[in-house]
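Residue numbers (this note's numbering), protein chains in the order written: chain A, 2 to 158; chain B, 66 to 246.
Written out below as C-alpha cells is the structure these notes cover.
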Amino acid sequence: MRSLALACSLALVIAQGAAAAAADDAALDARARALEQQLRCVVCQNQTLAESNAPLAQDLRQRVREQLQAGADEAAVKRYMVERYGDFVLYAPPLKPSTWLLWFAPPLLLLAVVALLLRRTRRQRRRAPAPLSDGERARLRALLDDGAPAPQERQPS
Amino acid sequence: MKARYLAPLLLFLVLGAALFAGLQRDPAELPSALMGKALPALELPALDAGAPRFNTAAMKGRPWMLNVWASWCTPCQLEHPLLLQLARQQRVPLVGLNYKDSPDAARAWLQRLGNPFVANAADVDGRAGIELGVYGVPETFVVDRDGRVRMRHAGPLTEQVLRERLLPLLRELAREGHGDA
C-alpha cells in the first residue's frame with residue numbers, strides 16, 4: 002500500500018515537472034519567435050529571420066534559441082547579431098547620428114508641409130477681395146432686383 | 066527668371082543626383098561589422114585529418130588572408146585560380162575556412178583544383194562563419210599583423226578587386242611591417 006502511494010506521488014511529481022518544462026518551452030518559443038521577427042535574414046534581405054528558409058537563417062534561429070535558453074535577454078541576443086552582421090540585421094535601425102536623417106526627416110518633412118499649408122491659407126484669407134466698382138454694384142443690384150440682365154457697363158474712355 | 070520657378074528644377078537635380086548615386090551601389094553588399102575590428106578568435110579542427118588544429122592566435126604578428134569556401138560553392142571555383150595565383154606569389158599566408166562542407170568532398174575539391182592554402186580549418190556546422198558574420202560563400206578577409214580585419218570581400222574575388230583593393234592593401238600591410246621592424 003505504501004509503495005503504491007509512493008509510486009503515485011512520484012508519478013505526480015514527474016508529471017508536474019514535465020508540465021512546467023513544457024510551459025517553459027512554450028514561453029521560450031514565443032520569445033524566440035518575437036525576436037526572430039525583429040531580425041533580418043542577411044542572405045535574403047527582405048525576409049525576417051522567422052520567415053526565411055535559408056540555411057544561414059536556420060543556423061541563426063538556432064543560435065537565438067540557444068542564447069535565450071542560456072539565459073540571455075533580448076537585448077543581448079540583438080547585440081550578438083549586430084556585432085557580427087552590423088545594424089543591418091535589425092529591422093528597426095538604432096537611433097544614432099548616422100541615422101538621425103532616417104528617423105527625423107519624415108516628421109520634419111511633415112511639419113514643414115503643414116507649416117507651408119497653414120501659411121498659404123492664412124495669406125489667402127488675409128488678402129481681401131477688391132471692393133466692387135460703381136458699375137459692378139449697379140449691375141449686381143439690377144440682377145438682384147428683377148433678374149433681367151443689366152445694361153453692359155460702359156468703359157470710361 | 067524668378068527664383069521660385071527655379072526651385073523645382075534645383076530640387077529635381079538634387080534628387081536625381083542622389084538617386085543616381087544610389088543606383089551605383091550594390092544592395093547585396095553589406096558593410097562588415099568587423100571592418101577595423103579584431104578578428105574573433107577561432108579555434109577549429111583542421112580539414113586534413115592529422116594536421117594540427119587551426120588557431121587564429123597562431124597567425125598574430127603578420128598579415129594574412131582568410132578565405133571562406135566550400136566545395137558546394139560554384140563562385141568559389143570561379144575565384145580559385147586567383148587564390149592559386151596569390152599563393153604562388155607568396156605575399157601573405159592564405160588560410161582556408163571550409164564552411165559547412167563534407168571534409169571528404171572538400172579534400173577532393175582541393176586535390177582536383179589545387180590547394181592555395183597553408184592551412185585549412187573545417188567549420189562543419191557553420192559556427193565560425195557566424196562569428197565572422199559570413200552570410201555567403203565565398204568571402205575573403207584580410208587581417209593585419211595586429212589581428213584586425215582590414216578588408217572583407219563578400220563574393221568571389223575578381224581581377225578588378227585584386228587590382229584595385231586587395232593588392233594595394235597587401236602592399237600597404239607589407240610597408241607597415243617594415244615600418245616597425
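Positions of the beta carbon are idealized from the N, C-alpha and C atoms, including for glycine.
Beta-carbon proximity list for A:Arg66, same chain, < 6 Å, skipping 5 on both sides: Ala33
Which one or two residues does DSSP pair with B:Ala111 in a beta bridge? B:Ala186
Residues of chain A with CB under 8 Å from B:Tyr200, in chain order? Val43, Val44, Leu57, Tyr86
Nearest CA to the CA of B:Ala184: which residue from B:Gly212, B:Arg177, B:Pro117? B:Pro117
State yes or no: is the beta carbon of A:Arg64 nearer than 9 Å to at least one beta carbon in chain B? yes
Residues of the region 132-155 of chain B whose Cβ lies closer than 8 Å to any Cβ of chain A, in chain order: none
Interface flag, A:Leu29 vs chain B, CB-CB below 9 Å: no
Mind checking A:Tyr86: buried by the 16 CB within 10 Å criterion, or exposed? buried
Measuring CA to CA, which of B:Arg228, B:Gly198, B:Arg210 is closest to B:Arg265? In the structure as shown, chain B starts at 66 and stops at 246, and residue 265 of chain B therefore has no counterpart that could be examined.
Chain A contact residues for B:Glu196, given Cβ-Cβ distances below 9 Å: Arg85
If you drop the 5 nearest sequence neighbours on each side, which residues of the same chain put their C-beta closer than 8 Å to that of B:Lys125? Arg210, Asp211, Gly212
Along chain A, in chain order, which residues have C-beta atoms closer than 7 Å to that of B:Gly191? Asp60
Taking the alpha-carbon positions, what's the B:Ala83 to B:Asp91 distance? 15 Å
Of all the CB atoms in chain A, is at least one closer than 9 Å to the CB of B:Pro92? yes
Pull up the distance between the alpha-carbon of B:Val160 and that of A:Leu96, whole angstroms please. 38 Å
Have a look at A:Ala93 and A:Gln39 and give me their C-alpha separation to the nearest angstrom. 7 Å
Quick one, are the C-beta atoms of A:Asp60 and B:Asp188 less than 9 Å apart? no
Rounded to a whole number of angstroms, what is the C-alpha to C-alpha distance between B:Lys67 and A:Val114? 22 Å
By a C-beta neighbour count over all protein chains shown, 10 Å radius and 16 as the cutoff for buried, is B:Lys165 buried or exposed? buried
Which residue comes first and which comes last in the alpha helix (DSSP H) that contains B:Val214? Note, B:Val214: premise wrong, no alpha helix (DSSP H); beta strand (DSSP E) at 214-219.
Taking the alpha-carbon positions, what's the B:Leu95 to A:Arg121 distance? 44 Å
Between the alpha carbons of B:Leu139 and B:Glu196, how many angstroms are there, rounded? The question names Leu, but residue 139 of chain B is Thr in the sequence shown. Distance between the alpha carbons of B:Thr139 and B:Glu196: 23 Å.
Taking the alpha-carbon of B:Ala114 as reference, which of B:Arg172, B:Gln142, B:Lys102 has the nearest alpha-carbon? B:Arg172
List in chain order: all unbroken beta strand (DSSP E) runs of 3+ residues lying wholly within the region 108-158 of chain B. 129-134
What is the rounded straight-line gap between the Cα of A:Leu117 and the Cα of B:Arg236? 56 Å
Look up A:Thr100 in the DSSP assignment and say whether it is helix, strand or coil. helix
Quick check: is the beta carbon of B:Lys165 nearer than 9 Å to any beta carbon in chain A? yes
As an exercise, report each continuous beta strand (DSSP E) stretch of at least 3 residues that is fully enclosed by the region 25-60 of chain A, in chain order. none
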